[in-house]
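Engineer: Sharing a structure below in structure tokens format, with a few things to ask.
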């Protein structure tokens, strides 16, 4: 689970966890629009095991139950308001089904040429963009928040894709390291780049990843950073370092993410390691031992997905490994909640859009990607989700929107300076056998 603006070749990433409930929303041409947030000062989100947070980036649709962290764009609630009412205000403050507006029209699917099915993470889009895209393109978009966790989603589609069968979705949103796996397995199609002129707006620092040097298979959706969030009322002091997570004064009030790369990345940086240079589990073993000991000693209370925001805001968690976007959304309404990139650094990540093998909706895929890579539309999304946009020109468009959207243009987590960027790191590629060792060791610690 990441991150955040134009900077080094290693993008920021947001985050995600592992939700307990799947949430989805289908959006047809008649779906209700949501105004761009005019009073959303917070910012945004998640990846890897970032499931909980991204679990639901949605447009507008009723669903019986959605993980609170899920993207439920209902009525006129912006993402910050949703977090407050369903997380901070407590369960029952607003029924989740009521948060999603019923929508009519074709439910999309991956069959017809004028339909599109996008499976994404929670709280990862604004409703108006979905509505305006359908009106502008004539494409019927089915949008669900099917992602809870990268590995979980992979396990869900692997049986079909490994046999050469189609899955229902046309576009999916794996985090960069998982997108690389899809490409390597031959489960991603080359994008119809000749029909996506706005691909030229991709930030330079995100271009030419080692696994997609020609930018043929992916376009980043959002980027983000994992760092430390804390509640100053619970800590009684400011935090600065990764080591603060292991301070005995906070025993039983620390949470870490179920996203292995973000959690272990921070701990490794706290030990002076450069995570981009780590290639084997043996090089990271000391960090795993440190986390395992902290768990066994009761220092760590929980491993979570995006749902950490509720306990963080209430003070049940004094501090936690967190995604910038999620926490920023809370800070406007709870000034006791802080987010820092530790002295040792933070992890950067990005979630992608890839076109799944077997999908025949190339024209609709191109229309969607071109639409969201228009800086005007990308800025609207940024104003809602408050993660770092991969699209050039978003900062200027936020200024034009005025109000709280314009204030985001000055947010250092959305548009970090060079000094901040220099403190961000991202993981390099891990060989399959080594990655399995990392995953197994982390699962043994977290109990996943």
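In this note's numbering, the protein residues as written are 810 to 1257.
Virtual Cβ for every residue (Gly too), placed ideally from N, Cα, C.
What do you get for residue 1186, buried or exposed, if any count of 16 or more other CB atoms within 10 angstroms of its CB means buried?
Structural biologist: Walking along the chain shown from the start, residue 1186 turns up at place 377. By the neighbour-count rule (16 or more Cβ atoms within 10 Å), residue 1186 is buried.
Engineer: Would you be able to state if there are at least three C-beta pairs under 8 angstroms between the segment 1044 to 1059 and the segment 1141 to 1157?
Structural biologist: At 8 angstroms Cβ cutoff, the stretches touch.
Engineer: In chain order, what residues of the same chain lie with their CB nearer than 6 angstroms to the CB of residue 1066, ignoring the 5 residues before and after it?
Structural biologist: For the purposes of this step, residue 1066 is taken as the residue at position 257 of the chain shown. Same-chain partners within the cutoff: 1072, 1130.
Engineer: Tell me which same chain residues have a C-beta within less than 8 angstroms of the C-beta of residue 1056, skipping the five on either side of it?
Structural biologist: If you number the chain shown from 1, residue 1056 lands on position 247. Closer than 8 angstroms at the Cβ level, and outside the excluded window around residue 1056, lies no residue.
Engineer: Give the straight-line distance between the Cα atoms of residue 1245 and residue 1085, rounded to the nearest whole angstrom.
Structural biologist: Stepping through the chain shown from its first residue, residue 1245 is reached at position 436. Stepping through the chain shown from its first residue, residue 1085 is reached at position 276. Looking at the two C-alpha atoms, the distance is approximately 18 angstroms.
Engineer: Buried or exposed: residue 1121, going by 16 or more other Cβ atoms within 10 Å of its Cβ?
Structural biologist: Translated into the one-based positions of the chain shown, residue 1121 becomes position 312. Buried is the call here.
Engineer: Output yes or no for whether 8 angstroms exceeds the beta carbon distance between residue 1164 and residue 974.
Structural biologist: Start at 1 with the first residue of the chain shown, and residue 1164 comes out as number 355. Start at 1 with the first residue of the chain shown, and residue 974 comes out as number 165. No, these two residues do not count as a Cβ contact at 8 angstroms.
Engineer: Flag this pair as yes or no: are the beta carbons of residue 1155 and residue 1058 separated by less than 8 angstroms?
Structural biologist: On the chain shown, position 346 is the one that residue 1155 refers to. On the chain shown, position 249 is the one that residue 1058 refers to. It is not a contact, given that the beta carbons lie outside the stated cut-off.
Engineer: Just list the residues that DSSP pairs residue 1036 with in beta bridges.
Structural biologist: Within the chain shown, numbered from 1, the residue matching residue 1036 stands at position 227. Bridge partners of residue 1036: 1131.
Engineer: Just to confirm the assignment, what range does the beta strand (DSSP E) spanning residue 1230 have?
Structural biologist: Counted from its first residue, the chain shown places residue 1230 at position 421. Segment 1227 to 1231 is the alpha helix (DSSP H) holding residue 1230; no beta strand (DSSP E) there.
Engineer: Residues in its own chain within less than 7 angstroms of residue 1039 by CB, not counting five upstream and five downstream?
Structural biologist: As a first step, residue 1039 is located in the chain shown; it is residue number 230 there, counting from the start. Same-chain partners within the cutoff: 1048, 1127, 1128, 1147.
Engineer: Quick one: complete beta strand (DSSP E) runs, 3+ long, within the segment 1161 to 1193?
Structural biologist: Entirely contained in the segment 1161 to 1193, not one beta strand (DSSP E) run reaches 3 residues.
Engineer: Use the C-beta contact count for residue 1088: other C-beta atoms within 10 angstroms, 16 or more gives buried, fewer gives exposed.
Structural biologist: As a position in the chain shown, residue 1088 is number 279, starting the count at 1. It counts as exposed.
Engineer: Would you kindly check if the distance between the Cβ of residue 956 and the Cβ of residue 928 is under 8 angstroms?
Structural biologist: Along the chain shown, one-based indexing puts residue 928 at 119. Along the chain shown, one-based indexing puts residue 956 at 147. The answer is yes: Cβ separation under 8 angstroms.
Engineer: What three-state label does DSSP hand residue 1241 in the structure shown?
Structural biologist: Position 432 of the chain shown holds residue 1241. DSSP places residue 1241 in helix when its eight states are reduced to three.
Engineer: Tell me whether residue 1013 sits in a helix, a strand or coil according to DSSP, three-state version.
Structural biologist: What you label residue 1013 is simply residue 204 of the chain shown in a count that begins at 1. Helix at residue 1013.
Engineer: Under three-state DSSP, which class holds residue 948?
Structural biologist: Counting from 1 along the chain shown, the entry for residue 948 is found at position 139. Coil, per DSSP.
Engineer: Under three-state DSSP, which class holds residue 1249?
Structural biologist: In the chain shown, the residue the question calls residue 1249 occupies position 440. Residue state, collapsed to three classes: helix.
Engineer: So what does DSSP say about residue 928, is it helix, strand or coil?
Structural biologist: Position 119 of the chain shown, counting from 1, holds the residue named residue 928. Correct three-state label for residue 928: strand.
Engineer: Could you give the DSSP three-state label for residue 1147: helix, strand or coil?
Structural biologist: Working through the chain shown from its first residue, we reach residue 1147 at position 338. It is a strand residue.
Engineer: In whole angstroms, what is the alpha-carbon distance linking residue 871 and residue 931?
Structural biologist: Counting from one through the chain shown, the residue named residue 871 turns up at place 62. Counting from one through the chain shown, the residue named residue 931 turns up at place 122. At residue 871, the pLDDT of 27 sits below 50, so the modelled position is not reliable; the number obtained from the coordinates is stated separately. The straight-line gap from Cα to Cα measures roughly 14 angstroms.
Engineer: Of the residues 1184, 1001, 1099, 1224, which one's Cα is nearest the Cα of residue 1109?
Structural biologist: Along the chain shown, read from residue 1 onward, the residue named residue 1109 stands at position 300. The residue with the shortest Cα to Cα distance from residue 1109 is 1099.
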